[in-house]
Amino acid sequence: MSVPRLVIAAPASGSGKTTVATGLMAAFAERGLAVSPHKVGPDYIDPGYHALATGRPGRNLDAYMCGPDLVAPLFAHGASGCDLAVVEGVMGLYDGASGQGELASTAQVSKLLRAPVVLVVDASSQSRSVAALVHGFASWDPEVRIGGVILNKVASDRHEALLREALDESGLPVLGVLRRAPQVATPSRHLGLVPVAERRTDALDAVRAMGARVREGCDLDALMALARSAPELPGEAWEPEACPRPENRPVVAVAGGAAFTFAYAEHAELLTAAGAEVVVFDPLHDEKLPPGTSGLVIGGGFPEVYAPELSANEPLRGAVTALALSGAPVAAECAGLLYLARELDGRPMCGVLDASARMSERLTLGYRQAVAVADSVLAVAGTRLRGHEFHRTVLEPGAGPTPAWGLHQPERRVEGFVQDGVHASYLHTHWAAAPEVARRFVERCRG
28 MSVPRLVIAA PASGSGKTTV ATGLMAAFAE RGLAVSPHKV GPDYIDPGYH ALATGRPGRN
88 LDAYMCGPDL VAPLFAHGAS GCDLAVVEGV MGLYDGASGQ GELASTAQVS KLLRAPVVLV
148 VDASSQSRSV AALVHGFASW DPEVRIGGVI LNKVASDRHE ALLREALDES GLPVLGVLRR
208 APQVATPSRH LGLVPVAERR TDALDAVRAM GARVREGCDL DALMALARSA PELPGEAWEP
268 EACPRPENRP VVAVAGGAAF TFAYAEHAEL LTAAGAEVVV FDPLHDEKLP PGTSGLVIGG
328 GFPEVYAPEL SANEPLRGAV TALALSGAPV AAECAGLLYL ARELDGRPMC GVLDASARMS
388 ERLTLGYRQA VAVADSVLAV AGTRLRGHEF HRTVLEPGAG PTPAWGLHQP ERRVEGFVQD
448 GVHASYLHTH WAAAPEVARR FVERCRG
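Take 28 as the starting number for the sequence shown in the working numbering and just add one per residue.
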């Protein structure tokens, strides 16, 4: 495919990637372009802001969880029919999976996509040194094509002039200058930005503000020209394999709403392609599961923030418990695991699992290698997947649960629950890397 594309990267986290990437998406969308939004890595929250800016699903490109060979096909799937694709990087340009070299880094993804990189530099407290910084990043890996620089947090006209003069010697064009200004209102908490679903009106205002800043400070025509310089991307786009039995479509209820915002767009697409009718429900407000529910998927999110409301919705908790006790397939990741527990921070949850959850001071974060310990509705024993953990809660299980996964990175341990039709775990996985997971789950839903 030949869609114009840009990768927005930075020397380090906190340089302004999200502001620039989201602002570019919004600014180009305001011009009437169909913009495809992407995020390097496992992050669920930034793609929500990208979706708000573009009106299209935010999609992740994760070379660790999905493997390098799937990055370009997944990108092509999301960007099909679009006028432009903007890919927000992760951490610093060359930072990837710990101890794995360039794997899962923004640099690796840019090479896999054959896409030019725009380097966002926090220029505060420096002038001529910016040229050395940019030169180092541009020359570190000759296969990474840095096509220009956007200077962020510039103090004044004089500061801008000094920075431009220094960068004249680097040979890289300055494609934008964003002045030092009060930060756009994007509140954070213990796991990063507050998701769009929890503050939609305010989030829309924030996205518009990012778009205005980028529109005023960046050369959009030059950025579009750079995006159009990306060569044709070889290979076929990823597509979920269609079900050979479309006549029997079991209803799979997928938790959504403000408490369960972590989901990869491809999961619903895979379930649909496997033959399911996917229906989203909100555990904060809906007192019943969707009519005819045969299976349940409860992804990640922030149940700890909404524990009182989730606990108060006793009719739905009862319906979830009854479904699970019937042996129906239930797949729960992270927040879903907590919701199925006996209690969360002392408040009653569904009680499907004999476990108690509570908030902690410790952040558990990182990629994981996993092997299925037992047969379940998602996988047969011995299945190997890669995933990601991201939580500040701990779980205290009761006696004798069958674990879901054996984890082998960074330390060896078992984790999660397999119980009748329930598969519950802290581990986030990307089913595009193992589409048989969705097919197996839907087949179990058919009974």
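All residues carry an ideal CB built from backbone N, CA and C; glycine is no exception.
Checking the sheet assignment: what are the DSSP bridge partners for residue i?
{"i": "residue 444", "result": "451"}
{"i": "residue 114", "result": "34 and 65"}
{"i": "residue 149", "result": "179"}
{"i": "residue 359", "result": "325 and 451"}
{"i": "residue 280", "result": "306 and 323"}
{"i": "residue 432", "result": "399 and 442"}
{"i": "residue 371", "result": "374 and 384"}
{"i": "residue 204", "result": "178"}
{"i": "residue 340", "result": "Looking at the DSSP assignment, residue 340 forms no beta bridge with any residue, so it has no partner."}
{"i": "residue 411", "result": "398"}
{"i": "residue 424", "result": "382"}
{"i": "residue 88", "result": "67"}
{"i": "residue 245", "result": "203"}
Applying the criterion that 16 or more other CB atoms from any shown protein chain within 10 Å of the CB defines a buried residue, is residue i buried or exposed?
{"i": "residue 416", "result": "buried"}
{"i": "residue 404", "result": "buried"}
{"i": "residue 212", "result": "Confidence in residue 212 is poor, its pLDDT being 49 and thus under 50, which makes the residue's placement unreliable; the coordinate value appears in the next sentence. Looking at its Cβ environment, which holds fewer than 16 other Cβ atoms inside 10 Å, residue 212 is exposed."}
{"i": "residue 275", "result": "exposed"}
{"i": "residue 2", "result": "Since the first and last residues shown for the chain are 28 and 474, residue 2 lies out of range."}
{"i": "residue 407", "result": "exposed"}
{"i": "residue 73", "result": "buried"}
{"i": "residue 216", "result": "For residue 216, the predicted model reports a pLDDT of 45, less than 50, meaning its position is unreliable; a value from the coordinates is still stated below. Exposed."}
{"i": "residue 474", "result": "exposed"}
{"i": "residue 101", "result": "buried"}
Please classify residue i: does DSSP put it in a helix, a strand, or coil?
{"i": "residue 315", "result": "coil"}
{"i": "residue 395", "result": "strand"}
{"i": "residue 457", "result": "coil"}
{"i": "residue 216", "result": "Its pLDDT being 45, under 50, residue 216 is placed unreliably in this model, and the value from its coordinates should be taken loosely. Note: residue 216 maps to strand in three-state DSSP."}
{"i": "residue 384", "result": "strand"}
{"i": "residue 140", "result": "coil"}
{"i": "residue 472", "result": "helix"}
{"i": "residue 416", "result": "strand"}
{"i": "residue 164", "result": "helix"}
{"i": "residue 289", "result": "strand"}
{"i": "residue 171", "result": "coil"}
{"i": "residue 223", "result": "helix"}
{"i": "residue 130", "result": "coil"}
{"i": "residue 190", "result": "helix"}
{"i": "residue 467", "result": "helix"}
{"i": "residue 390", "result": "strand"}
For a quick check, are the C-beta atoms of residue i and residue j less than 7 Å apart?
{"i": "residue 380", "j": "residue 368", "result": "yes"}
{"i": "residue 44", "j": "residue 54", "result": "no"}
{"i": "residue 350", "j": "residue 310", "result": "no"}
{"i": "residue 64", "j": "residue 297", "result": "no"}
{"i": "residue 250", "j": "residue 202", "result": "yes"}
{"i": "residue 47", "j": "residue 133", "result": "no"}
{"i": "residue 254", "j": "residue 33", "result": "yes"}
{"i": "residue 52", "j": "residue 113", "result": "yes"}
{"i": "residue 541", "j": "residue 382", "result": "Look at the range of the chain in this structure, 28 to 474, and you will see that residue 541 is not part of it."}
{"i": "residue 306", "j": "residue 278", "result": "yes"}
{"i": "residue 330", "j": "residue 362", "result": "yes"}
{"i": "residue 409", "j": "residue 454", "result": "no"}
{"i": "residue 30", "j": "residue 109", "result": "yes"}
{"i": "residue 91", "j": "residue 131", "result": "yes"}
{"i": "residue 204", "j": "residue 174", "result": "no"}
{"i": "residue 412", "j": "residue 456", "result": "yes"}
{"i": "residue 443", "j": "residue 356", "result": "no"}
{"i": "residue 371", "j": "residue 365", "result": "yes"}
When the cut-off is 7 Å and only beta carbons count, does residue i lie next to chain C?
{"i": "residue 58", "result": "In the displayed structure, chain C is absent; only one protein chain is listed."}
Determine contact between the region 83–101 and the region 182–189, defined as no fewer than three beta-carbon pairs at a distance below 8 Å. no
Check whether the region 432–440 and the region 398–416 are in contact - that is, three or more C-beta pairs closer than 8 Å. yes
Pairs of beta-carbons, one from the region 113–122 and one from the region 285–293, closer than 8 Å: are there three or more? no
Spell out a yes or no on whether the region 131–147 and the region 318–328 are touching, meaning 3 or more CB-CB pairs, one atom from each, closer than 8 Å. no
Should the region 177–184 be called in touch with the region 143–160, which here means at least 3 C-beta pairs below 8 Å? yes
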